[in-house]
Every structure is written in C-alpha cells, then in structure tokens.
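Asks: Protein chains in written order, with numbering that gives the first Met the number 0: chain A, 0 to 300; chain B, 0 to 117. The beta carbon of each residue, even a glycine, is placed where N, CA and C say it ideally should be. This structure is in structure tokens; I'll ask about it shortly.
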Amino acid sequence: MRLAIKFLFSILFGLSSNVMAAACCGGGAAMPSLILGDDKALVSSYFGYSRSFIENVDNQGLWRQSDSHQLVQTIKFEGSILITDRWQLGLSLPFMERTKNDMSINRMGDVTTSIGFEFLPDWDYNPYRPKGILVSQFIIPTGKTRFESEQGGLDIMGNGYYGLGVGFVFSKSWTMWDVLINCNIQKMKEKNISSEGKVGTLIPGDTVSYGVGVGYNFKQYRIGSAIQWIEVESTQLHSIDSDSLASLKERWATGTVSFSYLVDKDWTLNMSYSDQTLFGDPLNTSLAKGFSIQAQKSWSR
Amino acid sequence: MERSEVCSIKLSQSGHCLSWNWQVEPSSKMAGSMIVKLYRQNKLDGTPVLIEDDNLLAVKLWMPSMGHGSVPTKTSKMDVGTYQIENVFFIMPGDWEIRFQITKDDVVVDEVSYKISI
C-alpha cells in the first residue's frame, strides 16, 4: 500500500512534467507539483526531450508533416512542502531549449507556485473514499507571449501571461493498483503589447486541462499510463481601430507510459515516454513525441 | 512557383497596389527570397506605375490559426518600386499570411495580407 502511495506522487509528477505544451511554441497548462502520499516534503529534478512529428494540425483538423522538426529540451526543478497536515506549497522552475534547423534558443520557462489543501483526507485508508486535494497555482511569466515572438515561436518558453489556476486531484490505491484523476482551469491576465506593428491588448483564452492515470505496483517498481487533454480558447487582440483573433482555439492530448523504481524509502527514479499523436482530436497545434527521466527525493513525516 | 499578377494586391489606405514573385522558393529547411513591386495609379489613365518615392516596405509572415510569426525577413530596395525580400522562411507547414506593410517613421500606415498554404 505504501509503495502505491509513494508512486502516486510520481504519477502526478509524470503528468506535471509531461503535460507537454503545443510542441511548436509555448502554452499549455502548468500542472502543480503536489504531495499525495505520506511525505512532508519532496524535491525533484527532471529532464525531458521531445521532437515535433506533426508540424501543424490546422483548423479543419488536417495534419501536415515536414522534413524539418523542432526539438525541445526541458530541465525542471520542482518541490513541495507541507506547511500543516493538510496544506502544502509547491514551486516549479523550468528551463527550456528549442532547436530547429540551425537555430537554438534557451530560456527560462514560466515559474509556477502552487498551494494545495487536502479537502478529502485519507486518514484511515478507506477502501472506497479517494484522497482529494484542491489546488491553486499562480503562474509568473518569464518571457513574451507567442504573439510577440520574433523567431516564429522558437523564443517562447511559456505562456507569457500572469495566470491563476484552480483544480483538483483525486487519487486512490487498491492493493497493487492506483488511479488518479485531475482537472484544472487556468485564466491568464490580459497584456498590453506593441509588436509586429500592432499595438493593443491581448486577451488570452482560458486553458482547461483534465486527465486520468492508472498504475500497477509490484516489488520496488511501478508501471503506469496516463492521458491528459488540454484545450485552450482563442486569444483576442483589442486595438484602437479593430478587434481581431490573435489565435484560434487549440486542442491536443498527451498519452504517457511510465516506469518507476523505488531506490529506497527516500529516493525514486522515473522514466516516461509521451506521445501527442495518438489520442484526442487535435486542432491548431503541433504534435510531438518525447521521453523524460526524473529523480525525486522525499522526506517522511 | 506561386506569384501574383501585376498590381493584383491592393492596399486600401494608400490606394497603391503590389505584385510579388518568388526569387528563391523557401523549403522546410532553407529560407527563400521574393521580389515585390509596388505601384501607384497613373494619374491619367489609372495604369500601374512603379512608385518612385521613399515608402518603406516591410514583409511579415504570420500564422493566423496559431498566433505566431516567423523569423524576421530582410528588405532591400533594388530599383524604383522594386524590393528584394530575403530570409523568407515558414517555420512549419500550414496556412500562412504574407503581410505586406508600408511604414513611415516606423509606423505601419498601410497593410495587406496575402494568404498562402505551405
């Protein structure tokens, strides 16, 4: 049972780190890092590598490939700590590099801080009642929006807006199995811009993210899979002389398979493979495939 | 190779028109270049006349569905009303807009978009 609980955090980290943005150019939903088990603190370092396979899915759902692909490498440091029995804080610091043809740009991605409250505690390991955590995250942009990009999106590592998100996570484990369900909605703050000869206010659309994961635990290992769907509403541009759409609605889904190893009571290693070409009905996005590795250190209560 | 007919692309604010053709067509890995000719209407009979004055032409590439552009292009004036636009690169396939802008003192005073599918 403890092993499954231990690995549940890995699931969420896997979802967090593998909620890949639209492969071309930033965006996506910043999932928080959360303590789901019996630990009082967790830190992890993560490395991810992804490559775009479908360069563009247009507004009619037509897929277009190219013989030139964008590569994205991500290094991320995350941590969570309990401040009371049921309240916790989290922080995520990503660093990214985008490469296409001979051009490579690396920058810090958007920083995410989070606060979680265990509204449905699992004091007695009830066989039916899941553990539930409400979470809110605050996103701090470290770069420009996609609309302000000067390199076709290659110089964009995040959303570029201040944002606030709320959501929930339900988790449950039974003997060898564990399940996790999550949902998150993010609203971004509008931003005044002067770029590409346009002066106005960008009003970003909301981002909705929801997913499910399941895992099987045996000895010191866990094999898991998860799917995360993301929908981003269109962005408006309000100028003095006109209102227009800066971008259309976007939609994609990321499927992930993962393998975790409990090195000892404090250390866990995770590996995962993610694919955006298999699930959902993508729209106005690029689609990528990638892998990641993660090392996680925990402190027990 | 895609190209437009002489004076087929109209600029609404200034009344000017333009045409363009690929000099080197871009590929998925290599930037291309285009030649753009900017015309005004002849005062007598309205036929297109290459513009002599110092309008500044800029060309921006834009992907409307995904809300991003591409790497900046480079404009050079080659002759009366004739411009070479280099570093034209579409970073991904899909539906794009080639935005032809007339600027004065770094302000866009007129603009027209040409839709192209890559």
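(1) Which chain A residues are close to G66 of chain B, counting only those with a beta carbon under 7 angstroms from its beta carbon?
(2) Tell me which residues of the segment 26 to 60 of chain B have at least one Cβ-Cβ distance to chain A shorter than 7 angstroms, keeping chain order.
(3) Check whether chain B comes within 8 angstroms of N105 of chain A, counting only Cβ atoms and requiring the distance to be less than that.
(4) Determine the DSSP secondary structure at E189 of chain A, reduced to helix, strand or coil.
(5) Looking at the structure shown, is S147 of chain A part of a helix, part of a strand, or coil, going by DSSP?
(6) Check the Cβ of K99 of chain A against every Cβ in chain B and list those closer than 8 angstroms, keeping chain order.
(7) Pick helix, strand or coil for L282 of chain A, following the three-state DSSP scheme.
(8) Give, in chain order, every residue of the segment 147 to 178 of chain A whose Cβ lies closer than 8 angstroms to some Cβ of chain B.
(9) Taking only beta-carbon positions, decide if K103 of chain B is within less than 8 angstroms of chain A.
(10) For the candidate residues A:I202, A:I226, A:F217, A:G204, whose alpha-carbon lies nearest to that of K211 of chain A?
(11) Kindly say whether E1 of chain B, judged by its beta-carbon, lies nearer than 8 angstroms to any beta-carbon of chain A.
(12) In chain order, what residues of the same chain lie with their CB nearer than 7 angstroms to the CB of F76 of chain A, ignoring the 5 residues before and after it?
(13) Using the Cβ count rule (16 or more neighbours within 10 Å means buried), how would you classify K160 of chain B?
(14) Are there three or more Cβ pairs, one per stretch, closer than 8 angstroms when the segment 60 to 68 of chain B is compared with the segment 12 to 29 of chain B?
(15) Shortest alpha-carbon distance to F116 of chain A belongs to which of A:R106, A:Y127, A:L133, A:V231?
(16) Determine, for E54 of chain A, whether the minimum Cβ-Cβ distance to residues of chain B falls below 8 angstroms.
(17) Apart from the five residues just before and just after D109 of chain A, which ones in its own chain have a Cβ nearer than 7 angstroms to its Cβ?
(18) In whole angstroms, what separates the C-alpha of W95 of chain B from that of G14 of chain B?
Replies: So, from the listed chains and residues:
(1) R145, F146, T234, A245, S246
(2) S27, K28, K59
(3) no
(4) coil
(5) Correcting the residue identity first, residue 147 of chain A is Glu in this sequence and not Ser. Reduced to three states, the DSSP call for E147 of chain A is helix.
(6) I90
(7) strand
(8) S148, E149, Q150, G151, G152, L153, I155
(9) no
(10) What sits at residue 211 of chain A in the sequence shown is Val, not Lys. Out of A:I202, A:I226, A:F217, A:G204, A:I226 has the C-alpha closest to the C-alpha of V211 of chain A.
(11) no
(12) S44, L92
(13) Residue 160 of chain B is absent from the model: chain B starts at 0 and stops at 117.
(14) no
(15) A:L133
(16) yes
(17) A29, I138, I139, P140, T141, G157, N158
(18) 24 angstroms
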